[in-house]
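In order, the protein sequence lines correspond to chains Y and V. Under full-length UniProt numbering, the first residue of the first sequence carries the number 1, and numbering increases by one thereafter. Under full-length UniProt numbering, the first residue of the second sequence carries the number 1, and numbering increases by one thereafter.
There are 2 protein chains.
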Amino acid sequence: MEVTVAEDQLIDLRKKLEIFFDGNEKHHEFCPVRDIMDRFGDKWSLLAILNLGNSGKIRFNELKGKIEGISQRMLTVTLRSLERDGLITRTIYAEVPPRVEYELTQLGKGLLQQIMELAQWASNSMDEIMKARMDYDSKLQ
Amino acid sequence: MEVTVAEDQLIDLRKKLEIFFDGNEKHHEFCPVRDIMDRFGDKWSLLAILNLGNSGKIRFNELKGKIEGISQRMLTVTLRSLERDGLITRTIYAEVPPRVEYELTQLGKGLLQQIMELAQWASNSMDEIMKARMDYDSKLQ
DNA sequence: CCGAATCCTAGATGATACTG
DNA sequence: CAGTATCATCTAGGATTCGG
């Protein structure tokens, strides 16, 4: 499969890039792209968002069951971080034993959509990437 | 700013999700999304791709100059990894002193486009995220 | 049930020195 | 110029234990 990018499309890309990245050594202070990448560049945030999008309201341990291999600690840490950024809500019910439900906010759903776009690209490009890796590795003897 | 997601849109999202993520405990072996995330979840890949997209063909040290704070070692590591995945090409010129030029492949340009979409969302959502963070932090006393 | 606190390790990154 | 090699550091994440 070939991805084609026309020259004028690239020029447009470059124009957009200047919004976020500035080669002229100015305002490196803050980059929203970097910030978002850090947000789900970690090990679990992405999976948490995907599962929350798939489930609507969901309880802590129910979510834990859906995310293969995550520890209790990391689920807590991940959810706190997502909550802090306003991507999910956390609702505590005053019951015994306690019940806590998580749900994507509108903002979180927006991010989920972006992730889905990326996922689509990833899925479409996977074969090409895997082939490139095999080619590369085979050339190292 | 409000992001609105219609119910049918969400249903569509869920359908897409099932391509990559399966709550029913099957084929966890390989997730292309996870793989792509790992690709630029590291510290420098994203910046490298952005700068390569901005520059066309570019030499090692020239690129190093554009990426604020990157070490020689990490630029090498990052570029090797991108090359392995077929996202960039590496061209060596048999000269003294040596000259090596890097450039995005079509595949790499495709990824760049995806990143730009994400960047656009990130940029648009930044204010809302920052506000959520301040609200959250202020409630911890 | 949900989570906080603690301790610990692997892997990612940085600093530095050396080379074709 | 464009790397490699080595060593030091730093942090995300896992295991475990305790508590409301």
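Built from N, CA and C at the ideal position, the CB exists for glycine as well. This structure is a prediction, so every number in the text was calculated from the model and none was measured.
> Based on the DSSP secondary-structure assignment, which residues constitute the bridge partners of Glu101 of chain Y?
Replying inline: According to DSSP, which records beta bridges pairwise, Glu101 of chain Y is partnered with Y:Arg59, Y:Thr91.
>> Within 10 Å of its beta-carbon, does Ala48 of chain V have 16 or more other beta-carbons around it, so buried, or fewer, so exposed?
In response: Looking at its Cβ environment, which holds 16 or more other Cβ atoms inside 10 Å, Ala48 of chain V is buried.
>> Here's the rule I'm using: 16 or more other beta-carbon atoms within 10 Å means buried, otherwise exposed. How should Gly86 of chain Y be labelled?
In response: Buried: at least 16 other Cβ atoms inside 10 Å.
> Do the segment 44-59 of chain V and the segment 97-104 of chain V touch if we need at least three Cβ pairs shorter than 8 Å?
Replying inline: They touch, by the three-pair rule.
> Is the segment 60-68 of chain Y touching the segment 107-121 of chain Y, taking contact as three or more C-beta pairs under 8 Å?
Replying inline: No, the segment 60-68 of chain Y is not in contact with the segment 107-121 of chain Y.
> What did DSSP end up calling Glu68 of chain Y once you bin it into helix, strand or coil?
Replying inline: Glu68 of chain Y falls in the coil class under three-state DSSP.
> When the Cα atoms are used, what is the spatial distance from Arg80 of chain V to Cys31 of chain V?
Replying inline: Approximately 22 Å between the Cα atoms of the pair.
>> My assumption, with CB atoms under 8 Å, is that Gln113 of chain Y sits in contact with Leu13 of chain V. Please give the rounded CB distance.
In response: Indeed they touch by this definition, with Cβ atoms about 7 Å apart.
>> Does any residue of chain Y have a CB that is nearer than 8 Å to the CB of His27 of chain V?
In response: Caution is warranted here: a pLDDT of 44 is assigned to His27 of chain V, below 50, making its placement in the model unreliable, and the coordinate value is therefore given only provisionally. The Cβ of His27 of chain V sits no closer than 8 Å to any Cβ of chain Y.
> Cβ of Thr91 of chain Y within 8 Å of Cβ of Val100 of chain Y?
Replying inline: Yes, these two residues count as a Cβ contact at 8 Å.
> What is the residue span of the alpha helix (DSSP H) that Val33 of chain Y lies within?
Replying inline: Segment 32-40, the alpha helix (DSSP H) holding Val33 of chain Y.
>> Looking at Arg84 of chain V: is its Cβ nearer than 8 Å to the Cβ of Arg133 of chain Y?
In response: Contact: yes.
>> Output needed in chain order: residues of the segment 117-133 of chain V with a Cβ under 8 Å from some Cβ in chain Y.
In response: Taking a C-beta cut-off of 8 Å against chain Y, the contacting residues of the segment 117-133 of chain V are Glu117, Leu118, Ala119, Gln120, Trp121, Ala122, Ser123, Ser125, Met126, Glu128, Ile129, Lys131, Ala132, Arg133, listed in chain order.
> Would a C-beta distance cut-off of 8 Å place Asp35 of chain V and Ala119 of chain Y closer than the cut-off?
Replying inline: Cβ atoms of Asp35 of chain V and Ala119 of chain Y: not closer than 8 Å.
>> Here's the rule: buried if 16 or more other CB atoms are within 10 angstroms of the residue's CB, otherwise exposed. What is Asp137 of chain Y?
In response: Asp137 of chain Y is exposed by the Cβ-count criterion.
> Is Asp12 of chain V near the ligand COA, in the sense that its beta carbon is under 7 Å from a heavy atom of that ligand?
Replying inline: The ligand COA is not part of this structure, which contains no ligands at all.
>> Can you look up Trp121 of chain Y in the DSSP assignment and give me helix, strand or coil?
In response: It is helical.
> Looking at the C-beta of Glu7 of chain V, does it have a partner C-beta in chain Y at a distance below 8 Å?
Replying inline: Using a CB distance cut-off of 8 Å, Glu7 of chain V does not count as an interface residue toward chain Y.
> Using the rule of at least 16 other Cβ atoms within 10 Å of the residue's Cβ for burial, across every protein chain shown, is Ile11 of chain V buried or exposed?
Replying inline: The residue is exposed, with fewer than 16 neighbouring Cβ atoms inside 10 Å.
> For Leu75 of chain Y versus Leu63 of chain Y, is the C-beta distance shorter than 8 Å?
Replying inline: Yes, these two residues count as a Cβ contact at 8 Å.
> What distance in whole Å lies between the Cβ atoms of Gly41 of chain Y and Met37 of chain V, which are believed to be in contact at a cut-off of 8 Å?
Replying inline: Between Gly41 of chain Y and Met37 of chain V the Cβ distance is about 7 Å, and since that is below 8 Å, they are a contact.
>> Output needed for Arg59 of chain Y: all residues of its chain with C-beta closer than 7 Å, excluding positions within five of it in sequence on either side, in chain order.
In response: Here the set comprises Arg99, Val100, Glu101.
> If you run the structure through DSSP and keep just helix, strand and coil, what is Leu140 of chain V?
Replying inline: For Leu140 of chain V, the secondary structure class from DSSP, reduced to helix, strand or coil, is coil.
> With 8 Å set as the bound, which would you pick, yes or no: does the beta-carbon of Tyr93 of chain Y sit closer than that to a beta-carbon of chain V?
Replying inline: It does not: the Cβ of Tyr93 of chain Y has no partner Cβ on chain V nearer than 8 Å.
>> Quick check on DSSP: helix, strand or coil for Asn24 of chain Y?
In response: Residue confidence is low: Asn24 of chain Y scores 38 on pLDDT, short of 50, so the model does not pin down where it sits. Its coordinate-derived value is still stated next. Reduced to three states, the DSSP call for Asn24 of chain Y is coil.
>> Taking the alpha-carbon of Lys43 of chain Y as reference, which of Y:Ser71, Y:Lys57, Y:Gly56, Y:Asn61 has the nearest alpha-carbon?
In response: Across the set Y:Ser71, Y:Lys57, Y:Gly56, Y:Asn61, the C-alpha of Y:Ser71 shows the shortest separation from the C-alpha of Lys43 of chain Y.
> Mind checking Glu95 of chain Y: buried by the 16 CB within 10 Å criterion, or exposed?
Replying inline: So Glu95 of chain Y ends up on the exposed side.
> For a contact meaning CB atoms closer than 8 Å, what does Met74 of chain Y contact in chain V?
Replying inline: For a Cβ distance threshold of 8 Å, nothing in chain V lies close to Met74 of chain Y: the least Cβ distance comes to about 15 Å.
> Does DSSP classify Asp85 of chain V as helix, strand or coil?
Replying inline: Residue state, collapsed to three classes: coil.
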